[in-house]
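Undergrad:
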Amino acid sequence: MQRITTVTEHLLFLQKESPMATGRFTHLLNELILAAKIISREVNKAGLVDILGFTGEINVQGEEVVKLDEFANRILIHRMERAGVLCAMASEENADLIEIPPAFPSGDYVLIFDPLDGSSNVDSNVSIGTIFSIYRRKSPPGRNVNLGDLLQKGAEQVAAGYFIYGSSTMMVYTTGHGVHGFTLDPSVGEFLLSHPAIKIPPAGKFYSVNESYWPYWDETTRKAVSYFKNPENKSPYNLRYIGSLVADFHRNLLAGGIFMYPADLRDPKKPSGKLRLMCEAAPLAMVVEQAGGMATDGKRRILDIDPQELHQRVPLFIGSKKDVEKVMEIYKAAK
Ligand code: AHG
Ligand code: MN
Ligand code: MN
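In structure tokens:
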């Protein structure tokens, strides 16, 4: 019989392997996993139960009906604020940092998350996900935390990963010792190791970008995207773009490829594109680098960017090393 490894066993193994993975860290991840299982359950019945209504409606059970991303956000905050391992949180859905209520013990870690990524795809039953990023606090132990505890470079992350709610629910994460994928077996409610030590192919088969923004890109960006459409390419690429970052990223991580969300000139208020550094780009950049890939904003390594604000946006080119290097070469030549 094939050896079955649960994520709990994997975490305990890691705990022995790496001093930073303390019991409290394992508890943090286990609480996160419980929240994801609850979100997965709701995502899988989203089409059935009218939880896609808008915030504030009251459903037949007299419960307040919330949109799935708000539901996911509430579940994560509810579970994680009680876990006793965090000193603060930040969510894509909350403008400011989320403090741990005095009723619950504070801890040494910081959690930043995108509770539901790709939420515009829920209604069409397309894969969506949850992205998480974990740092150690920088301020001394105790109740007062500050923004400095959250605004850390991606290279300071102690762990990062995502859950993807697709044909199956998977968890992919890294603590700096490689990237490992687990698939939820709903019959036992356990995440089982299905993709040990994931490595992204050095060059990809896919390029993922929303080409409808072509009119809003500068010449260099157009040149970079055109490279992947160029028939003279020895290995022409296929365009695959789902519109859920987690789903596009996960496919490219396993099959090889590059995901691009460049800066565009549509909205002068958003000169750096749409994706957020802290809860989308930085965690996926840690995963992709641990899998042998690369992540850049076109010029800088994502993990080296010093964040200035919680919801800072950043252009993102992420995936197979050779493909991302090509983009950087094109931007460098344009200087
Ligand atoms: P979120 O649902 O968390 O706001 O993220 C949506 C993001 C990302 O998942 C996806 O890659 C991107 O939006 C798609 O944007 P466009 O529709 O502009 O292509
Ligand atoms: Mn997102
Ligand atoms: Mn989101």
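In our numbering, each residue carries its 1-based index in the sequence shown increased by 1137. Just so you know, even glycine gets a beta-carbon here, dropped at the ideal spot from N, CA and C.
Just checking Leu1253 against ligand 4 - is the residue's beta carbon closer than 7 angstroms to any of the ligand's heavy atoms?
TA: Among the ligands in the structure shown, ligand 4 does not appear; only ligand 1, ligand 2 and ligand 3 can be found there.
Undergrad: In chain order, what residues of the same chain have a beta carbon less than 7 angstroms from the beta carbon of Asp1443, not counting five sequence neighbours either side?
TA: Once the five neighbours on either side are set aside, the close Cβ partners of Asp1443 are Lys1290.
Undergrad: Residue range of the alpha helix (DSSP H) that Asp1385 falls in?
TA: Per DSSP, Asp1385 belongs to the alpha helix (DSSP H) from Leu1382 to Ala1392.
Undergrad: Are the CB atoms of Thr1143 and Leu1329 within a distance shorter than 8 angstroms?
TA: For Leu1329 and Thr1143, yes; Cβs fall inside 8 angstroms.
Undergrad: So Ser1270 packs on Ala1419, CB below 8 angstroms; how close in whole Å?
TA: Rounded, the Cβ-Cβ distance is 6 angstroms, consistent with contact.
Undergrad: Which class does Pro1448 belong to by DSSP, given the choice of helix, strand or coil?
TA: Before going on, a small fix: residue 1448 reads as His here, not Pro. Coil, per DSSP.
Undergrad: May I ask you to list the residues that DSSP assigns as paired with Arg1273?
TA: Answer is Tyr1246.
Undergrad: What I want to know is whether the C-beta of Asp1206 ends up closer than 7 angstroms to one or more non-hydrogen atoms of ligand 3.
TA: Checking the Cβ of Asp1206 against ligand 3 gives yes.
Undergrad: Run through DSSP, which three-state label would Ala1471 get?
TA: Looking at Ala1471 - three-state DSSP - the assignment turns out to be coil, as it is neither helix nor strand.
Undergrad: Closer than 6 angstroms by C-beta to Lys1459: which residues in its own chain qualify, once you throw out the five before and the five after it? Chain order, please.
TA: Cβ neighbours of Lys1459 beyond the five flanking positions: Pro1339 and Ala1340.
Undergrad: For Gly1429 versus Ile1337, is the C-beta spacing smaller than 8 angstroms?
TA: A contact, by the Cβ cut-off of 8 angstroms.
Undergrad: Between the alpha carbons of Met1431 and Val1461, how many angstroms are there, rounded?
TA: Between Met1431 and Val1461, the C-alpha separation is close to 6 angstroms.
Undergrad: Alpha carbons only, please: which of Ser1276, Ser1264 and Ala1296 is nearest the one belonging to Phe1250?
TA: For the residues Ser1276, Ser1264 and Ala1296, the minimum Cα distance to Phe1250 belongs to Ala1296.
Undergrad: Among the residues of its own chain, which have a CB less than 6 angstroms from the CB of Gly1293, if the five just before and after it don't count?
TA: Position check: residue 1293 holds Glu in this sequence, whereas Gly was assumed. Closer than 6 angstroms at Cβ, skipping near neighbours: Tyr1272.
Undergrad: Using 10 angstroms around the beta-carbon of Gly1285, count the other beta-carbons present and answer buried if the total reaches 16, otherwise exposed.
TA: So Gly1285 counts as exposed.
Undergrad: Under the three-state reduction of DSSP, which class applies to Arg1211: helix, strand or coil?
TA: Residue state, collapsed to three classes: helix.
Undergrad: Name the DSSP bridge partner or partners of Tyr1398?
TA: Tyr1398 pairs with Leu1453.
Undergrad: What whole-angstrom Cβ distance do Pro1100 and Gly1266 have, given they're in contact under 8 angstroms?
TA: Coverage of the chain is limited to positions 1138 through 1472, which leaves residue 1100 absent and any answer about it impossible.
Undergrad: To the nearest whole angstrom, what separates the beta carbons of Leu1447 and Met1415, a pair I think is in contact under 8 angstroms?
TA: About 6 angstroms separates the two Cβ atoms, so the contact holds.
Undergrad: Would you mind reading off the limits of the beta strand (DSSP E) that contains Gly1160?
TA: Unbroken run through Gly1160 is the alpha helix (DSSP H), Gly1160 to Asn1181; no beta strand (DSSP E).
Undergrad: For a quick check, are the C-beta atoms of Ile1401 and Tyr1364 less than 8 angstroms apart?
TA: The amino acid occupying residue 1401 in the given sequence is Asp; Ile does not appear at that position. Not a contact, by the Cβ cut-off of 8 angstroms.
Undergrad: For the beta strand (DSSP E) containing Glu1327, name the first residue and the last one.
TA: Element bounds for Glu1327: Glu1327 to His1332.
Undergrad: What is the residue span of the alpha helix (DSSP H) that Tyr1364 lies within?
TA: Looking at the DSSP string, the run of the alpha helix (DSSP H) that includes Tyr1364 is Glu1356 to Tyr1364.
Undergrad: How far does the beta strand (DSSP E) with Met1431 in it extend, from its first residue to its last?
TA: Met1431 -> beta strand (DSSP E) spans Met1431 to Thr1433.
Undergrad: Check whether the region 1162-1169 touches the region 1212-1220, taking contact to mean three or more Cβ pairs, one atom from each stretch, closer than 8 angstroms.
TA: Yes, since at least three Cβ pairs between the region 1162-1169 and the region 1212-1220 fall closer than 8 angstroms, the two stretches touch.
Undergrad: With DSSP run on the structure shown, which of helix, strand or coil describes Pro1373?
TA: The answer is coil: DSSP assigns Pro1373 none of H, G, I, E or B.
Undergrad: Taking the beta carbon of Asp1355 as the centre, do at least 16 other beta carbons fall within 10 Å, making it buried, or is it exposed?
TA: The residue in question, Asp1355, is exposed, as its Cβ has fewer than 16 Cβ neighbours within 10 Å.
Undergrad: For Thr1306, which residues in the same chain have their Cβ closer than 7 angstroms to its Cβ, ignoring the five residues on either side in sequence?
TA: Cβ within range, chain order: Ser1177, Phe1300 and Leu1321.
Undergrad: Since His1317 is in the beta strand (DSSP E), which residue starts that stretch and which ends it?
TA: Where His1317 is concerned, the enclosing beta strand (DSSP E) stretches over Val1316 to Asp1322.
Undergrad: Given this structure, state the Cα-to-Cα distance separating Val1309 from Phe1319, to the nearest angstrom.
TA: Distance between the alpha carbons of Val1309 and Phe1319 is about 6 angstroms.
Undergrad: Just to confirm before moving on: does the CB-CB distance between Arg1413 and Arg1450 stay below 8 angstroms?
TA: Their beta carbons are under 8 angstroms apart, which means Arg1413 touches Arg1450 by this criterion.
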